[in-house]
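Engineer:
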Amino acid sequence: MTVVKKSAASAGAAPAGNGVGHALRQGLARAASSTIKRRSFLLRAGLTAGAAGMARHLPFNVIDTAQATDAAAAAAAAPVTKHTVCTHCSVGCSVEAVVSNGVWIRQEPAFDSPFNMGAHCAKGASVREHGHGEHRLRYPMKLVAGKYVRISWEQAINEVGDRLLDLREKAGPDSIMMIGGSKHNNEQAYLMRKWASFWGTNNCDHQARICHSTTVAGVAQTFGYGAMTNSFNDLHYSKAVMFIGSNPAEAHPISMLHALHAKELGAKIVVVDPRFTRTARFAHQYLRVRPGTDIPLVWGMLWHIFENGWEDKSYIDQRTYGMEEVRKEVAKWTPDKVADVTGIPEAQVRAAAETLAKNKPSSVVWCMGITQHHVGTANVRALCILQLALGNIGKSGGGTNIYRGHDNVQGATDVGPNPDSLPGYYGLAEGAWKFFATAWGVDYDWIKSRYGSKELMEKPGMVTSRWFDGVLEKNQYIDQPSNLRAVIYWGHAPNSQTRLPDMVAAMKQLDTLIVIDPYPTMTAAMHGRTDGVYLLPAATQFETQGSVTASNRSIQWREKVIEPLFESKTDHEIMYLFAKKFGFAEQLCKNIKVVNNEPVIEDILREINRTCWTIGYSGASPERIKLHAANKHTFDPTTLKAESGPCAGDYYGLPWPCWGTPEMKHPGTPILYDIDKPVMEGGMPFRANWGVEHNGESLLAADGSATKDSEIDTGYPEFDHVFLKKLGWWSDLTPAEQLQAEGKNWKTDASGGIIRVAMAHGCAPYGNARARCNVWNFPDPVPVHREPLLSPRRDLVVKYPTYDDKASFWRIPTLYKSVQAVDYSKDYPLIMTSGRLVEYEGGGDETRSNPWLAELQQDMFIEINPQDAKNVGAITDHYIHVETPTGARLKVKALVTPRVPPGLVWMPFHFGGWWMGEDLLPHYPEGAAPIVRGEAVNTGWSYGYDAVTMMQETKVSLCRLARI
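To convert, count from 1 in the sequence shown and add 8; that's my numbering.
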């Protein structure tokens, strides 16, 4: 061992003006005035542990020498705190950004946030670097002879606009696909859907398609709304929590604080995952499930629940429809079959079922381990049914709790660019279009004229997960006039999608490829083109303001922290500039003020308030949300309710539905389907969304199953003008409200009067129904097990086959049985699955460009069980090839670990910038490549899509390893 003696200076004997004190003053002053790297700062400052510890408790300016200064300059330089929200996962952590002279100089803990209570994960703690990132796209660029060259915004708007207008003329408006993001605030996401509608296409989508579209469909078709029922904080009331296909310790780290608090209070923790995760180490029970067998596991648990009479019989009788059909399917899944299919011993399945049944209220939490399967919607519904059988829905501490992946993927889903609906899930029927045409102040026939036909106007568009098939498929098999010929990647990373070799082939065929993003993303380097590519620098969410919806449905306000850097522009300004080019700027902003080409965010939110009655965004005005942001400290971190102050009675962020107009002061809904509260205090029943009866059975809730203080003490249909008149409540409307409500229902009454009167009588405007255990309009009315398309268990493929191929599904053919018919398992014997890391997020372009995070995880890797590693000669930290049935050959580092079982390998999905061993650095714009680059796991991922939503399959495929 080498011993180094301390110098006199480092020992604390430095003369005045030298040593630690002087270096500290200089280092802190430099940190306050410029962006420097942490490691460089520590080296230059020469901090000892004692000095660093002291400095943590001091503002940066207390050590500087006092100097006379101009009063005006001092006032301008005085630090101000801007309140914003982390731009990573969906927990909604508050960030306090300290700004001086327009420069974001540091972050402070937001101790008053009821969500994060001053805590941050690694990503949240480093968001300042996102605002001041050195690897951002700085100005518009175009690809010329294989090289990116700088152009002006005027040139970019004109050239891109001319190309798109030319395609519109030659091939129709549906020749364009717009892939939006879930990083946009609510107002930008809403404007994007409106923008696409006025262009004349439903070929618009965003991140939710490939992360939680199966959740939205499955939960909505069971209960009424496609969202998390409770909150992260509400776990404090749980007596048991099952995490299945969810690893919040890494994917949603701050949410784990609430789960661990629940554990401290006595909650039992059950974790179901093929891999022993960082979440699993906190579990009382860990079940290692074979990927793709979640339904047999859930039915196996229900088998024990029904067998032992642990179900909530009265809840089932009063508030559910179709549980008898579920019982018939569950009866098939005897313990021996469950053990054979899932790989989990019977005793473990029974123990997990007993834990949830005997420790109520119990909560079920899932994430993409459940959703990203070709049976993802069925997986989701099975978990919903489990919670209905236990009577856990609408209960504090219970619920189906879906932890969403991006900061505004919930909000973008609610009001943004969905191919099958207008904002607020209004659908695409003529009535929905006419409602929005009136709200937008434009003529319905004018919007219709923008589309290729009325049929296309009312037909769901193509989806994010399959856009490249819209390019490559033969035209006669596509359900629209033209193949896709231009694609706009607007805040979305291509490496988060599967089948990347097919995507590259499609990129090469496009007329035009456009990327609008703060970072160029892997799109900029992987396309293989020499021209026809445009990169446009969008501002980050720290360079604009607006609202953002957390996973628990709370809506928070972000203040602008800094002005857009370099030549970046906000997304809504870019939309407006293109709208001017296309000739519909006036219609786009008919009710929205525009200042210097930038639509006013507050006006957009007010338009959302006037249109999205369906999900209760109507009560969440800019003023109310801003008031919450300024008074976070008044909200209880368990109930989320403000007991005093200007927001007294409200729940933090007005979690939707926040019914009626802002003036009605609905407090928001902390727990969906809770009938123990009055409607005006956040209570609500299941939604009456499917009529009043089916096959002669009532779909309405039983007598006595209404919300507290309801004047109708039984089930009832949704409210419209006819129902209101039959009840004798029509006269409760003002004359002005009657004029607008005549002929309308609660969703299309622009006055909000029908909602107001229904709530005044203690009723939910959407009715009071039963939750559906039998969803007759889905491929499997009751979920059934279907083996993964690339299953290694060929014996089970025969017993539990997949769906038939579909000739047209979301406008394109989709394969199922023909893919499953090929046995790849002999040549590719290992099950391949994927997941998240705590250091990175999404496609990773932003986080891998952050030096604070890049040093934490520098290499793409694969986790291999020691037994499999021995068979192939894999060694930790040495490269190995991963080969898949698609022909892909990925070069990644091995991590030999028992976290994964024999026969299964795991890779993170945040990497990109390599292509089958080749570093794509030369193909990025100069200075804009991520610091950390590696193989994208989705380069090797195989075919597979959910049978309802076209969610991509990313949790079960096959591979083999080859030593380099």
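Don't be surprised by glycine CBs; every beta carbon is placed ideally from N, CA and C.
Could you please give the first and the last residue of the uninterrupted alpha helix (DSSP H) stretch that includes R358?
Structural biologist: Taken as a continuous stretch (DSSP letters only), the alpha helix (DSSP H) holding R358 covers E354 to K366.
Engineer: Does the Cβ-Cβ distance between G208 and D182 come in under 9 Å?
Structural biologist: Result yes, Cβ atoms of G208 and D182 sit closer than 9 Å.
Engineer: Is the stretch 649 to 667 close to the stretch 731 to 749, with three or more CB pairs under 8 Å?
Structural biologist: Contact between the stretch 649 to 667 and the stretch 731 to 749 is absent, because fewer than three Cβ pairs lie under 8 Å.
Engineer: Count the CB pairs spanning the stretch 664 to 673 and the stretch 755 to 767 that are closer than 8 Å, and state whether there are at least three.
Structural biologist: Touching, per the Cβ criterion.
Engineer: Between the stretch 864 to 875 and the stretch 312 to 331, do at least 3 Cβ pairs fall closer than 8 Å?
Structural biologist: Flag = no, the stretch 864 to 875 and the stretch 312 to 331 do not touch.
Engineer: Cβ of D415 within 9 Å of Cβ of G100?
Structural biologist: In contact: D415 and G100 (Cβ atoms closer than 9 Å).
Engineer: Report yes or no: do the stretch 128 to 139 and the stretch 879 to 895 share at least 3 C-beta pairs separated by less than 8 Å?
Structural biologist: The stretch 128 to 139, when compared against the stretch 879 to 895, does not touch it at the 8 Å Cβ threshold.
Engineer: Is Y887 a contact residue of the ligand FAD, with contact defined as CB to any heavy atom under 8 Å?
Structural biologist: As far as ligands go, the structure on display features none, and thus does not contain the ligand FAD.
Engineer: Going by the beta-carbon positions, is the gap between A766 and P773 smaller than 9 Å?
Structural biologist: Yes, they are a contact pair.
Engineer: Flag this pair as touching only if the stretch 814 to 831 and the stretch 896 to 906 have three or more C-beta atom pairs under 8 Å; answer yes or no.
Structural biologist: Cβ pair count under 8 Å is below three, so no.
Engineer: Helix, strand or coil: which one does DSSP assign to G624?
Structural biologist: Residue state, collapsed to three classes: coil.
Engineer: Use the C-beta contact count for K247: other C-beta atoms within 10 angstroms, 16 or more gives buried, fewer gives exposed.
Structural biologist: K247 is buried by the Cβ-count criterion.
Engineer: Could you tell me if G132 is buried or exposed, where buried requires 16 or more neighbouring beta carbons within 10 angstroms of its beta carbon?
Structural biologist: So G132 ends up on the buried side.
Engineer: Per DSSP, what kind of secondary structure is V157 in: helix, strand or coil?
Structural biologist: Residue state, collapsed to three classes: strand.
Engineer: Nearest-angstrom Cα distance between V334 and N785?
Structural biologist: Rounded to the nearest angstrom, the two C-alpha atoms are 16 Å apart.
Engineer: Does DSSP put H128 in a helix, in a strand, or in coil?
Structural biologist: Three-state result, H128: coil.
Engineer: Considering only the beta carbon of each residue, do Q215 and G232 sit closer than 9 Å?
Structural biologist: No; because the gap between Cβ atoms is not below 9 Å, this pair is not in contact.
Engineer: Only counting the same chain, and skipping five residues up and downstream in sequence, which positions put a Cβ closer than 7 Å to that of P686?
Structural biologist: If we look at P686 and ignore the five residues flanking it on each side, its Cβ neighbours are T715, K716, D717 and G770.
Engineer: Let me know the secondary structure DSSP gives M511 once reduced to three states.
Structural biologist: If DSSP states are grouped into helix, strand and coil, M511 belongs with the helices.
Engineer: Nearest to T379 by CA position, among F919, S190, L969 and G952, is which residue?
Structural biologist: The shortest Cα separation from T379 among F919, S190, L969 and G952 belongs to G952.
Engineer: Would you grab the beta carbon distance between Y681 and I401 for me? Rounded to a whole angstrom, and I think it's under 8 Å.
Structural biologist: Confirmed, about 5 Å.
Engineer: Helix, strand or coil: which one does DSSP assign to F251?
Structural biologist: F251 falls in the strand class under three-state DSSP.
Engineer: Going by beta carbon distance, what residues of the same chain come within less than 8 Å of V805, once the five residues before and after it are set aside?
Structural biologist: So the qualifying residues of the chain are E795, S799 and Q828.
Engineer: Keeping to the same chain, check which residues put their C-beta closer than 7 Å to that of D711; ignore five residues upstream and five downstream.
Structural biologist: Answer for D711: D721 and T722, listed in chain order.
Engineer: E371 to V227, Cα distance in whole Å?
Structural biologist: Here residue 371 is Ser; the residue named in the question, Glu, does not match the sequence. Approximately 15 Å between the Cα atoms of the pair.
Engineer: Provide the residue(s) that pair with P607 in DSSP beta bridges, ordered along the chain.
Structural biologist: V602.
Engineer: For D519, which residues in the same chain have their Cβ closer than 8 Å to its Cβ, ignoring the five residues on either side in sequence?
Structural biologist: Cβ within range, chain order: R171, L175, R493, A494 and G540.
Engineer: Give me, in chain order, the residues of the same chain whose beta-carbon lies closer than 6 Å to that of Y156; leave out the 5 immediate sequence neighbours on both sides.
Structural biologist: The answer, listed in chain order, is M149 and P933.
Engineer: Assuming A259 is part of the alpha helix (DSSP H), what are its boundary residues?
Structural biologist: That run of the alpha helix (DSSP H) goes P256 to A259.
Engineer: Could you give the C-beta distance for L295 and I218, rounded to a whole number, given that I count them as a contact under 8 Å?
Structural biologist: At roughly 26 Å, the Cβ-Cβ gap does not stay under 8 Å, so L295 and I218 are not in contact.
Engineer: For V279, count neighbouring Cβ atoms within 10 angstroms of its own Cβ and tell me buried if that reaches 16, exposed if not.
Structural biologist: So V279 ends up on the buried side.
Engineer: If you run the structure through DSSP and keep just helix, strand and coil, what is M924?
Structural biologist: Residue state, collapsed to three classes: coil.
Engineer: Let's test the definition: count the other Cβ atoms within 10 Å of the Cβ of F550 and tell me whether it reaches 16, buried, or not, exposed.
Structural biologist: Answer is buried; the Cβ neighbour count reaches 16.
Engineer: In whole angstroms, what separates the C-alpha of E195 from that of G554?
Structural biologist: Distance between the alpha carbons of E195 and G554: 7 Å.
Engineer: Here's the rule: buried if 16 or more other CB atoms are within 10 angstroms of the residue's CB, otherwise exposed. What is P663?
Structural biologist: Per the 10 Å Cβ criterion, buried.
Engineer: Output yes or no for whether 9 Å exceeds the beta carbon distance between V423 and I616.
Structural biologist: Cβ atoms of V423 and I616: closer than 9 Å.
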